[in-house]
Amino acid sequence: MSGEQQRVAARRQLGAELRSLREQRGLTGVQMAERLGWSQSKVSRIEAARTRSELEDVAALLEALEVPVALRADLLTLAEEAAGPAEAWRNSSRVGLTRRQQDFINSEASASRLRHYQPVLLPGYLQTPEYARRVIELAGSKDVERALSMRLARGAVVRRSDAPRYEVVLLETVLRWRPVAPDLMAAQLFALEEVARRRNVEVRVVSLDDEQSVFVQHPFVLYDFPAGAPSEVLVETTRTDLRLTDEADVTAYAGWFNRLWRAGLPRKQSMMLIRTVAQQMHDQHKSMEGR
Numbered sequence: 000m001s002g003e004q005q006r007v008a009a010r011r012q013l014g015a016e017l018r019s020l021r022e023q024r025g026l027t028g029v030q031m032a033e034r035l036g037w038s039q040s041k042v043s044r045i046e047a048a049r050t051r052s053e054l055e056d057v058a059a060l061l062e063a064l065e066v067p068v069a070l071r072a073d074l075l076t077l078a079e080e081a082a083g084p085a086e087a088w089r090n091s092s093r094v095g096l097t098r099r100q101q102d103f104i105n106s107e108a109s110a111s112r113l114r115h116y117q118p119v120l121l122p123g124y125l126q127t128p129e130y131a132r133r134v135i136e137l138a139g140s141k142d143v144e145r146a147l148s149m150r151l152a153r154g155a156v157v158r159r160s161d162a163p164r165y166e167v168v169l170l171e172t173v174l175r176w177r178p179v180a181p182d183l184m185a186a187q188l189f190a191l192e193e194v195a196r197r198r199n200v201e202v203r204v205v206s207l208d209d210e211q212s213v214f215v216q217h218p219f220v221l222y223d224f225p226a227g228a229p230s231e232v233l234v235e236t237t238r239t240d241l242r243l244t245d246e247a248d249v250t251a252y253a254g255w256f257n258r259l260w261r262a263g264l265p266r267k268q269s270m271m272l273i274r275t276v277a278q279q280m281h282d283q284h285k286s287m288e289g290r
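Numbering that gives the first Met the number 0 numbers the first residue of the sequence shown as 0 and each following residue consecutively.
The following block contains the structure:
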């Protein structure tokens with residue numbers, strides 16, 4: 000079998016697997032498309048193998064379908080085979096979906112707890128479509144729609160039925176940094192408050208009124224796994240992400256997170272602050288409308 004024939008066969012197998020997974024979950028093609036913010040025809044083309052599947056699109060589908068980590072890794076490998084070496088490299092280079100980042104998608108799927116610190120903007124897991132779109136645009140993405148669909152699909156991690164424990168520390172400046180119009184920012188913060196009411200989620204905000212007792216200049220996520228598996232750290236920067244697995248590094252970041260967690264307002268006060276800033280954004284919008 001030639002290389003092209005092998006890629007076509009892999010593409011057909013991948014499409015059939017994705018269609019089967021969707022049907023097992025009782026979803027129609029239209030419902031799947033709505034969940035991802037895609038057209039229904041895009042879902043159909045991927046499942047029918049009428050188009051080459053972008054790696055990040057396959058990752059988004061697998062996340063939205065809550066596919067178990069082992070099967071997810073197998074299907075991402077199949078997607079690479081379907082793309083072919085040159086196409087897989089082109090996709091990875093253009094959107095940054097490297098093997099390392101695929102590993103983080105798998106980490107999210109299998110983690111029992113995520114501990115997230117964000118001093119700059121709201122975490123992707125908690126972003127509304129409007130907020131996410133603008134952040135992606137500001138980051139200079141060459142394909143906003145593709146990046147947006149993947150961002151929103153990954154947001155399902157903290158909302159699924161077997162979601163991990165998600166602990167977040169935000170600086171108050173994150174609530175006040177406004178990349179969108181005041182009404183959209185108000186909607187984003189009200190949505191944040193709603194997600195923060197979930198039993199598996201706790202958001203703590205470090206108030207600007209308090210003396211600051213710890214300084215960490217970059218965002219990071221700690222992944223904790225069940226059955227005593229070692230934790231990992233994802234350090235987020237503007238241009239790349241750094242994965243840390245060394246025990247000393249993980250211990251250091253866990254210590255910083257614990258200090259940040261203690262510095263944050265308790266759950267109830269954090270929720271009140273989020274609602275206060277959301278109401279301020281809403282009032283600002285109404286004031287602008289009245290001019």
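Yeah, the Cβ is synthetic: ideal placement off N, Cα and C, and Gly gets one too.
Quick caveat: nothing in here was measured; it's all calculated off a predicted structure.
* Relative to the C-alpha of Gln278, which residue among Arg112, Thr50, Asp56 and Ala186 is closest? -> Within the sequence shown, residue 278 is the residue found at index 279, counting from 1. With distances taken between Cα atoms, Gln278 lies closest to Ala186.
Ala59 and Ala138: beta carbons closer than 9 Å?
Numbered from its first residue, the sequence shown carries residue 59 at position 60. Numbered from its first residue, the sequence shown carries residue 138 at position 139. In this structure, Ala138 does not lie closer than 9 Å to Ala59 by Cβ.
Pairwise C-alpha distance: Leu17 and Val168
Position 169 of the sequence shown, counting from 1, holds the residue named residue 168. Position 18 of the sequence shown, counting from 1, holds the residue named residue 17. Our two residues, Val168 and Leu17, have alpha carbons roughly 36 Å apart in a direct line.
| field | Of the residues Ser160, Gly227, Val204 and Asp223, the one placed nearest Arg198, counting alpha carbons only | value | Taking the sequence shown and counting its residues from 1, the one referred to as residue 198 is at position 199. Minimum Cα distance to Arg198 is reached at Ser160.
For this session: Pick helix, strand or coil for Asp142, following the three-state DSSP scheme.
Result: As a first step, residue 142 must be located in the sequence shown, where it is residue number 143. Coil, per DSSP.
Can Tyr222 and Val232 be called in contact, C-beta distance under 9 Å?
Within the sequence shown, numbered from 1, the residue matching residue 222 stands at position 223. Within the sequence shown, numbered from 1, the residue matching residue 232 stands at position 233. Taking 9 Å as the Cβ cut-off, Tyr222 and Val232 qualify as a contacting pair.
### Query
Helix, strand or coil: how does DSSP classify Asp223 here?
In the sequence shown, counting from the first residue as 1, residue 223 sits at position 224. In the structure shown, the three-state DSSP call for Asp223 is strand.
Requested in this report: Check whether the region 68-79 touches the region 117-133, counting contact only when three or more Cβ pairs, one atom from each stretch, lie closer than 8 Å.
Outcome: no
**Own chain partners of Ser111 with C-beta closer than 8 Å, once the 5 adjacent residues on each side are dropped** = Counting from 1 along the sequence shown, the entry for residue 111 is found at position 112. Correct list, in chain order: Pro163, Arg164, Asp223, Phe224 and Pro225.
If we count Cβ pairs, one from each stretch, closer than 8 Å, do we get three or more for the region 143-152 versus the region 253-270?
no
message: Taking the beta carbon of Leu241 as the centre, do at least 16 other beta carbons fall within 10 Å, making it buried, or is it exposed?
response: For this step, residue 241 is matched to residue 242 along the sequence shown. Looking at its Cβ environment, which holds fewer than 16 other Cβ atoms inside 10 Å, Leu241 is exposed.
| query | DSSP three-state call for Val213: helix, strand or coil? | reply | The residue you call residue 213 lines up with position 214 of the sequence shown. Three-state DSSP puts Val213 in coil, outside helix and strand.
Considering Cα atoms alone, identify which of Val220, Ala15 and His281 is closest to Ala253. By 1-based counting over the sequence shown, the position of residue 253 is 254. Residue Val220 is the option with its Cα nearest to Ala253.
inquiry  = Just to confirm my understanding: we take Ala9, look at its own chain, exclude 5 residues before and 5 after, and list those with CB closer than 7 Å. What are they?
reply    = Indexing the sequence shown from 1 puts residue 9 at position 10. Same-chain partners within the cutoff: Leu77, Glu80 and Ala81.
Inspect the beta-carbon positions of Arg177 and Met280 and report whether they are closer than 9 Å. On the sequence shown, position 178 is the one that residue 177 refers to. On the sequence shown, position 281 is the one that residue 280 refers to. Taking 9 Å as the Cβ cut-off, Arg177 and Met280 qualify as a contacting pair.
| said: On the DSSP letters alone, give me the boundaries of the beta strand (DSSP E) that Glu235 sits inside. | reply: Along the sequence shown, one-based indexing puts residue 235 at 236. Segment Glu231 to Glu235, the beta strand (DSSP E) holding Glu235.
Have a look at Gly263, Trp255 and Ile45 and flag the residue whose alpha-carbon is nearest the alpha-carbon of Asp208. Position 209 of the sequence shown, counted from the first residue, corresponds to residue 208. Ranking Gly263, Trp255 and Ile45 by Cα distance to Asp208 puts Gly263 first.
Which residues does DSSP pair with Glu80 in a beta bridge?
-> Numbered from 1 along the sequence shown, position 81 holds the residue referred to as residue 80. In DSSP, Glu80 forms no bridge with anything.
Worksheet item: When you compare each of Glu62, Leu13, Gln268 and Thr27 to Arg158 by their alpha carbons, which one comes out closest?
Response: To locate residue 158, count along the sequence shown from 1; it is residue 159. Residue Glu62 is the option with its Cα nearest to Arg158.
Practice problem: Leaving aside the five residues before and after Thr50 along the sequence, list all residues of the same chain whose C-beta is less than 6 Å from its C-beta, in chain order. | Solution: Here residue 50 corresponds to residue number 51 of the sequence shown, with the count starting at 1. So the qualifying residues of the chain are Arg44.
- Item | Under the three-state DSSP convention, the category Gln301 falls into | Nothing about residue 301 can be reported from this structure: the residues present for the chain run from 0 to 290 only.
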